[in-house]
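> The letter at position 52 of the sequence shown is residue 52 when you use my numbering, and the numbering goes up by one with no holes. Have a look at the structure that comes next, please.
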Amino acid sequence: MKHYLKQIVVFSLLFFLIDKCFYFQLSHKADQEFDKRLEYVLNGIMSKELLVLGSSRGVHDVSARMIDSATSFSAYNLSYRGSNVTFQEFVLSTYLKYNKAPKIVLLVVDDDAEFKEVSSLQFRYDRLYPLQNYNYINNELVNKGKESVLSRIFYLARLRHTDIFAKKNEPNEFEELNELGDNLLSVKNNPNLEFKADIVAYDRSDEVKSKLESFYKIQELCKDNGIKLCYIFPPNFKTFNNQFCKRIEEIVEENAIVKYNTNDEFYLNKENFRDESHLNKKGAEHFTNEIISFLNKSK
Numbered sequence: 001m002k003h004y005l006k007q008i009v010v011f012s013l014l015f016f017l018i019d020k021c022f023y024f025q026l027s028h029k030a031d032q033e034f035d036k037r038l039e040y041v042l043n044g045i046m047s048k049e050l051l052v053l054g055s056s057r058g059v060h061d062v063s064a065r066m067i068d069s070a071t072s073f074s075a076y077n078l079s080y081r082g083s084n085v086t087f088q089e090f091v092l093s094t095y096l097k098y099n100k101a102p103k104i105v106l107l108v109v110d111d112d113a114e115f116k117e118v119s120s121l122q123f124r125y126d127r128l129y130p131l132q133n134y135n136y137i138n139n140e141l142v143n144k145g146k147e148s149v150l151s152r153i154f155y156l157a158r159l160r161h162t163d164i165f166a167k168k169n170e171p172n173e174f175e176e177l178n179e180l181g182d183n184l185l186s187v188k189n190n191p192n193l194e195f196k197a198d199i200v201a202y203d204r205s206d207e208v209k210s211k212l213e214s215f216y217k218i219q220e221l222c223k224d225n226g227i228k229l230c231y232i233f234p235p236n237f238k239t240f241n242n243q244f245c246k247r248i249e250e251i252v253e254e255n256a257i258v259k260y261n262t263n264d265e266f267y268l269n270k271e272n273f274r275d276e277s278h279l280n281k282k283g284a285e286h287f288t289n290e291i292i293s294f295l296n297k298s299k
């Protein structure tokens, strides 16, 4: 009996030692990623005074670099293309767990899909999988049903067969980031782009409860940590949706809404847009200057 128990103990120790080796494979997977922003957040080396949160409209339409140089605030862009408000809540809560709270958060809203279920806005699990060497990230995946409970114990359970031969990922034009997390799109224009003047009614029945809860949670996190939360409305190449703006005004505790100057003919010129929903570099710099003006006046 003692012999069998000894074998079990030896086998268990050997298994755990081998399993620990897979941690290095997980770390290698993280090293292959070009977007290091979330890893910087987890390592607690991100403490900035102003954060930009949002989807592609945040990363392409707002320049943290310009804000950093034109105001007294050190700034960083933590917007992720294709991310929904629930992922943005996760990014903010993770930031606050490991870093000093910023003074200001600029939440770039998606007009008018912020609270809707749309295929273009998702929880960016693909940004989490490369960082499963961090227990915090793996636990989040387990809690959301994206990873086995066994992965809490065994590193092997966190690996996929594709991870073994993982190669370094290279960013495309839309994924390249500057040192402060921005990606202002080059001045390429769609010659077929047409301004949409029709006003589309905002239908509240399309709102998803979980999205609203995340929006409220962002407000709560900012309030609890003494952060000024500003809601940013970049332009689309269409008539501004006042109904959606009023909806936001109804559910925010402090009316710190920054919307683009709808009287500025600059935003009627398709030469300043990359597509219907995104500004190009020239347009983003123009819009960011409006945000800078707001920030400097609000000091």
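Cβ coordinates follow ideal geometry from the N, Cα and C atoms, glycine included. Since the structure is predicted, the reported quantities are computational estimates derived from the model, not experimental observations.
With H, G and I counted as helix, E and B as strand and the rest as coil, what does DSSP make of Ala-113?
coil
> Grouping DSSP H, G and I as helix and E and B as strand, with all else coil, what is Tyr-136?
helix
> Bridge partners of Lys-238, per DSSP?
Lys-196
> Hey, how far is the Cα of Phe-237 from the Cα of Ser-79?
The alpha-carbon atoms of Phe-237 and Ser-79 are separated by roughly 21 Å.
> For Ala-75, does the three-state DSSP call read helix, strand or coil?
strand
> Less than 6 Å between C-beta atoms, sequence neighbours within five positions excluded: which residues of the same chain meet that for Phe-15?
Low confidence applies here, because Phe-15 scores a pLDDT of 45, under 50, leaving its location unreliable and the question unanswered by this model.
> Measuring straight from C-alpha to C-alpha, what distance separates Pro-235 and Tyr-129?
33 Å
> Determine the closest residue to Tyr-216 out of Glu-89, Arg-160, Gln-243, Lys-282, with distance taken between C-alpha atoms.
Glu-89
> Restricting to Cα atoms, I'd like to know which of His-286, Leu-131, Ile-251 is closest to Arg-158.
Leu-131
> Would Leu-212 pass as a contact of Ile-251 if the rule is Cβ separation under 9 Å?
yes
> Which of helix, strand or coil does DSSP assign to Ile-153?
coil
> Which residue marks the beginning of the alpha helix (DSSP H) containing Asp-68, and which one marks its end?
64 to 70
> Under DSSP, the alpha helix (DSSP H) around Ile-218 begins and ends at which residues?
209 to 224
> Secondary structure at Arg-274, three-state DSSP: helix, strand or coil?
strand
> Can you tell me which of the three DSSP states Val-52 falls into?
strand
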